[in-house]
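This note's numbering applies: residue 11 is where the sequence shown begins, and numbers increase by one. Where a beta carbon is used, it is the ideal one built from N, C-alpha and C, also for glycine. None of these values were measured; they are calculated from a predicted model.
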Amino acid sequence: MATSSSNSLMDSLFQRSLEDLIKGLRLQLIGESAFISKSLDEIRREIKATDLSTKSTALQKLSYLNALHGIDMSWAAFHAVEVVSSSRFAHKRIGYHAIAQSFNDQTPVLLLITNQLRKDLNSTNEYEVSLALDCLSRIGTDDLARDLTPEVFTVLGSSKAFVRKKAIGVVLRVFDKNPDAVRVCFKRLVENLESSDPQILSAVVGVFCELTTKDPQSYLPLAPELYKILVDSRNNWVLIKVLKIFAKLTLIEPRLANKVAEPICEHMRRSVAKSLVFECIRTVVSSMSDHEAAVKLAVAKIREFLVDDDPNLKYLGLHALSIVAPNHLWAVLENKEAVVKALSDEDPNVKLEALRLLMAMVNEDNVSEISRILVNYALKSDPLFCNEIIGSILSACSRNVYEIVVDFDWYVSLLGEMARVPHCQIGEEIEHQLIDIGMRVKDARPQLVCVSRVLLIDPALLGNLFLHPILSAAAWVSGEYVEFSKNPFEIAEALLQPRTCLLPPSIRAIYIESIFKVLVFCMRLYFLGQEPASSSSVDGPSPVFLEKNGFTHESVVNLMNSIEFYLWPLSGTHDVEVQERAKNVLGFIGLIKQEIVEKESIQNSGTEALRVIGFMEEVFSLGPVSATAQERVSVPEGLELKENLGDLQDFIQPIESNVFSPTDKISFSVSKLGIRDQQEESPPPEPASLLAEHRKRHGLYYLPSQKNDRDSDGNDYPPANELADEISVESFNPRRKQGQYKPRPVVVKLDEGDESASVKTTKEDVKDDESLSRAIQNALMGKDERYLDTGNGESSSRREINHERAEKEKEKEKKRKKKKKNGERSSNKHRSRRRTDEEEEVGDSKRVMIPDFLL
Numbered sequence: 011m012a013t014s015s016s017n018s019l020m021d022s023l024f025q026r027s028l029e030d031l032i033k034g035l036r037l038q039l040i041g042e043s044a045f046i047s048k049s050l051d052e053i054r055r056e057i058k059a060t061d062l063s064t065k066s067t068a069l070q071k072l073s074y075l076n077a078l079h080g081i082d083m084s085w086a087a088f089h090a091v092e093v094v095s096s097s098r099f100a101h102k103r104i105g106y107h108a109i110a111q112s113f114n115d116q117t118p119v120l121l122l123i124t125n126q127l128r129k130d131l132n133s134t135n136e137y138e139v140s141l142a143l144d145c146l147s148r149i150g151t152d153d154l155a156r157d158l159t160p161e162v163f164t165v166l167g168s169s170k171a172f173v174r175k176k177a178i179g180v181v182l183r184v185f186d187k188n189p190d191a192v193r194v195c196f197k198r199l200v201e202n203l204e205s206s207d208p209q210i211l212s213a214v215v216g217v218f219c220e221l222t223t224k225d226p227q228s229y230l231p232l233a234p235e236l237y238k239i240l241v242d243s244r245n246n247w248v249l250i251k252v253l254k255i256f257a258k259l260t261l262i263e264p265r266l267a268n269k270v271a272e273p274i275c276e277h278m279r280r281s282v283a284k285s286l287v288f289e290c291i292r293t294v295v296s297s298m299s300d301h302e303a304a305v306k307l308a309v310a311k312i313r314e315f316l317v318d319d320d321p322n323l324k325y326l327g328l329h330a331l332s333i334v335a336p337n338h339l340w341a342v343l344e345n346k347e348a349v350v351k352a353l354s355d356e357d358p359n360v361k362l363e364a365l366r367l368l369m370a371m372v373n374e375d376n377v378s379e380i381s382r383i384l385v386n387y388a389l390k391s392d393p394l395f396c397n398e399i400i401g402s403i404l405s406a407c408s409r410n411v412y413e414i415v416v417d418f419d420w421y422v423s424l425l426g427e428m429a430r431v432p433h434c435q436i437g438e439e440i441e442h443q444l445i446d447i448g449m450r451v452k453d454a455r456p457q458l459v460c461v462s463r464v465l466l467i468d469p470a471l472l473g474n475l476f477l478h479p480i481l482s483a484a485a486w487v488s489g490e491y492v493e494f495s496k497n498p499f500e501i502a503e504a505l506l507q508p509r510t511c512l513l514p515p516s517i518r519a520i521y522i523e524s525i526f527k528v529l530v531f532c533m534r535l536y537f538l539g540q541e542p543a544s545s546s547s548v549d550g551p552s553p554v555f556l557e558k559n560g561f562t563h564e565s566v567v568n569l570m571n572s573i574e575f576y577l578w579p580l581s582g583t584h585d586v587e588v589q590e591r592a593k594n595v596l597g598f599i600g601l602i603k604q605e606i607v608e609k610e611s612i613q614n615s616g617t618e619a620l621r622v623i624g625f626m627e628e629v630f631s632l633g634p635v636s637a638t639a640q641e642r643v644s645v646p647e648g649l650e651l652k653e654n655l656g657d658l659q660d661f662i663q664p665i666e667s668n669v670f671s672p673t674d675k676i677s678f679s680v681s682k683l684g685i686r687d688q689q690e691e692s693p694p695p696e697p698a699s700l701l702a703e704h705r706k707r708h709g710l711y712y713l714p715s716q717k718n719d720r721d722s723d724g725n726d727y728p729p730a731n732e733l734a735d736e737i738s739v740e741s742f743n744p745r746r747k748q749g750q751y752k753p754r755p756v757v758v759k760l761d762e763g764d765e766s767a768s769v770k771t772t773k774e775d776v777k778d779d780e781s782l783s784r785a786i787q788n789a790l791m792g793k794d795e796r797y798l799d800t801g802n803g804e805s806s807s808r809r810e811i812n813h814e815r816a817e818k819e820k821e822k823e824k825k826r827k828k829k830k831k832n833g834e835r836s837s838n839k840h841r842s843r844r845r846t847d848e849e850e851e852v853g854d855s856k857r858v859m860i861p862d863f864l865l
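Now the structure itself:
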């Protein structure tokens, strides 16, 4: 014993304190981990000491390392329990701090502190009670809350305000873990609503504010007590919490709004505290929008916030305006100048809130005006806010398949403008919308090609990595809808410009494919115009038309030479996609040049070349495949594929020797394609008929034809829209002017997933605490007189309602006993029309007693 005592004394004398540990850490410029490891070894040795002073100091240092450096301290759980049991307050405080910091529901020694918590909760030392309450509020489990409910009930009635305030805060944790505690503690919790101590009143109102957030309906009977606080209290923070409660209760009981409207308006007029005024505003605009006088006063106060120089108040004003906008658009229109001016504010939060407010009020009548204003601000904004503006415009205009866009020519031009904004970095979304509109809206295709031409001919855009997706879409649109181009040769020149080497291979492949489409289009027009009328099956353009539009023999040959010069180096590139597409185009050019250069007369070459060109045009007109095509293919019955696919050898047929041989040179020739005239009795069908038959058979898997003059529903497309008039920045009228736009073009439904994205209401996985709500309702409706007697404060009407419900309960119980005794059974016919006793009980549990002052 003497040796053990001497060792403990020596440890305590030479033990480093927490201050020494902190100083040592700060002196470690390098090797901090080594110092921490050494300190941990000292702590492990010191914490095993029998002296509680040494043990508590070691535990304090371990708590510090855990908080700042994440050192595990779960191994010291039992030592923390030992320190808590000390009679010295300084040791007890260290122990409780360590427990609150490190314990969780899986801590093995958690139940060992139950008796210690009970002992400290019953202590005469208010600071020890405070430590126990603080610990319980942090680590309280179901078992702790159940076992310590009587002690919590006792301290809720403590004469010491310091203790009672802490106990009120602990009630949240206790109720959450043990709903049965409501039967014991709820009465005293409600009694504290009448306390004259501002700290206690603030604590209990804060508790009810949190409880009301989860289930506001259960707390409607407390409206009289809360109304009294709203009228009499002069504590701004208490009033703010009461207003938060009433904001939820008035949504459940509309009559309550009539009662509290005047006190709230009085606070708005009288108070100089901006926080309280804003909470009054938020309560009115979110929960009392039907009270015109209150709303007008709230909007007037919002205007004061908007013109204030303080950015925080300006932000709050914009936020309040965004809440009131859905029901009272006039409030936004009255303050439109302040909202637009906020877009140029220095504070980024103010700018974002003003942007959200403008986008929330966008509709088909004012979308062009608001978009023009926002694009002007995007041009002079920083990159971050600039892209926020562009993203907001794109999101609003594309919502529900462009439901607010009436003039697609205007919107396509706007997309081109946004692409050229210097700080634009969201090219993927613009790319998607350019292609999407081209596939959906036929009338927008001429303008799409025009905008794409402007983007493609600008060499400066090729060096911007963020614009590469937009250039990809522009190239695809120019090739896919080249028939709407005024000068195909100009588009081809833009696609062949030298700076396209800056593009990534995936986009260069799209450029090559678009060049292919432009070339086929030019060749078709040229050969149709040159072919004699007697031998032509299709009426082509006249030579005068071709000469006027540049489709001469020389221009066509120059176009092929330019494409050949551009693509020849790409035929040997390492990228497979680029190489394959380049070789396809070069093979096609080689075939066509052989026809028009080596033949002396156009009559001998036109028919054969036109047949090849027609075949390629039909290939391009096949159209894109639906995104859900693979899902529509049914799996054959009995299909089982092994990993090595060895069974496929039994189904593979040997290749006919007269088709291809390994030594054959693969070339792009008409004979290989099988489109040369065969001198047989029954000539093969034309490519057009083959394509029509293919689409008729497999039309389920394809999107609506882009060459068809009708949409997927068979409706004719309306005539193309005219360009929108010049937008005036000053115009901000939400009502459409009569005759301003032509009828909205048809927006084709491309797939089954294009329906308006209606939000499907699904059951949330979050579990509501139904048992707690039921316990609160039982408490407020007075079903358990042992714990829930409201005393002298209960009104006569409330007692009558409770007595009436008690009588109904007795009658139901008598009926159940009588049915059980006599064996009565209801017929199925009547059973379907009658509520069961269980349903009646559930219905009673959901009923809320109406406060007297609303009767």
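Thinking C-beta only, is A502 closer than 8 Å to I467? no
Within 8 Å, do at least three Cβ pairs link the segment 43-54 to the segment 90-105? no
Out of curiosity, what's the CA-to-CA distance linking G327 and V586? 58 Å
If you run the structure through DSSP and keep just helix, strand and coil, what is A283? coil
CB of I445 within 8 Å of CB of A504, strictly: no
G327 by DSSP, collapsed to three states: which one? helix
Counting C-beta neighbours from all protein chains within 10 Å, is the total for V317 16 or more, i.e. buried, or is it exposed? exposed
Ignoring anything shorter than 3 residues or poking outside the segment 430-488, list the beta strand (DSSP E) runs there in chain order. none
Rounded separation between A271 and S281 - CA only: 15 Å
Check whether the Cβ atoms of K361 and L323 lie closer than 8 Å to each other. no
What residue from Y536, F172, A639 and V528 has the CA that sits closest to V595's CA? V528
8 Å Cβ cutoff met for P755 and F531: no
Completely contained alpha helix (DSSP H) runs for the segment 66-143, where each covers 4 or more residues: 87-94, 99-112 and 124-131
Any idea if P134 is buried or exposed, counting beta-carbon neighbours within 10 angstroms, 16 or more meaning buried? A small fix is needed here, since residue 134 is Thr in this sequence, not Pro. Exposed.
In angstroms, rounded to a whole number, what distance separates the CA positions of L4 and S572? Here the chain covers residues 11 to 865 and nothing more, so residue 4 does not appear.
At which residues does the alpha helix (DSSP H) containing L580 begin and terminate? From DSSP, L580 is part of no alpha helix (DSSP H); its letter is neither H nor E.
T124 versus L158 - alpha carbon distance: 8 Å
Close Cβ partners of S581 (< 8 Å) along its chain, the five nearest in sequence each way excluded: Q589, A592, K593 and L596
Using CA coordinates, which residue listed in I333, D320 and E204 is at the minimum distance from V888? Residue 888 lies beyond the range of the chain shown here (11 to 865); nothing can be said about it.
Identify which residue in L249, L146 and A352 has its Cα closest to the Cα of Q126. L146
Option nearest M371 by Cα separation, candidates H338, E398, A454 and P358: H338
Pull up the distance between the alpha-carbon of A352 and that of N345, whole angstroms please. 11 Å
Out of I32, D61, W340 and V139, point me to the one whose CA is closest to A77's CA. I32
Taking DSSP as the reference, what is the three-state secondary structure of P514? coil
How close, in whole Å, do the beta carbons of V487 and G448 come, if the pair is a contact with beta carbons under 8 Å? 5 Å
Between which residues of its own chain and Y325 is the CB-CB distance below 6 Å, once the five residues before and five after are set aside? N359, V360 and E363
Return helix, strand or coil for G648, following the three-state DSSP convention. coil
Just verifying my parser: in three-state terms, what is the DSSP assignment at F561? coil
Mind checking Q750: buried by the 16 CB within 10 Å criterion, or exposed? Here the model assigns Q750 a pLDDT of 49, short of 50, so the residue's position is not dependable, and the following value carries that caveat. Q750 comes out exposed.
Helix, strand or coil: which one does DSSP assign to S611? Note that S611 has pLDDT 44, beneath the 50 cutoff, so the model's placement of it is unreliable and no number is given.
What are the complete alpha helix (DSSP H) segments, minimum 4 residues, inside the segment 307-392? 321-334, 339-344, 346-351, 358-370 and 377-389
Alpha carbon to alpha carbon, how far is K258 from I291? Give it in angstroms, no decimals. 14 Å
Spatial distance of A454 from T260 (CA atoms): 49 Å
Can the beta-carbon of L72 be found closer than 8 Å to that of A86? yes
Go ahead and label S381 buried or exposed: buried means 16 or more other beta carbons lie within 10 angstroms of its beta carbon, across all protein chains shown. buried
Pick helix, strand or coil for E161, following the three-state DSSP scheme. helix
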